[in-house]
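As structure tokens, then:
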């Protein structure tokens, strides 16, 4: 099943500049598996990486498998994404906001996060987002 991708900060700015009302966006193929983009609608232009493989033929590369076919960034090309409002058919599922007081469960949740070696931080500066997480930094921020 296809899923929504994480886009770079620069591409998110491009999307916001071209369509400030965009909420959920994905490429043509992703939408095609879920629904159908409206006929003749204009996509939102972003930059997609062009990745190639550098093949090494020297003797050292023959011995080291990791160096044989290194992937390298060749450049960028134009790619187009579509917002959910530009599609016909089934709406993507709504993201539900949790409400109420967590009470004693908040400490249990925080302990569970710490047990997985993830740092939990409360930060009101990320509003209007309700939270964010970074797996590589092992960090979870909540408002």
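Residue numbers (my numbering): 14 to 156. Every residue, glycine too, gets a C-beta built ideally from N, C-alpha and C. Note that the coordinates shown come from a computational prediction; the quantities given were computed from them, not determined experimentally.
Cα-Cα separation, residue 116 to residue 146
22 Å
When you compare the segment 28-45 with the segment 92-99, are there three or more beta-carbon pairs, one atom per stretch, that lie closer than 8 Å?
yes
Find the nearest neighbour of residue 36 within the set 45, 57, 46, judged by alpha-carbon distance.
57
From what residue to what residue does the beta strand (DSSP E) around residue 125 run?
No beta strand (DSSP E) holds residue 125; the alpha helix (DSSP H) holding it covers 118-128.
Please tell me whether residue 119 has its Cβ less than 8 Å away from any Cβ of chain D.
Looking at the structure shown, chain D is missing, and only one protein chain is on hand.
Close-in-space but distant-in-sequence residues of the same chain around residue 40 (CB under 6 Å, 5 per side omitted):
94
Please name the residue, chosen from 38, 24, 85, 121, that lies closest to residue 68 on a Cα-to-Cα basis.
85
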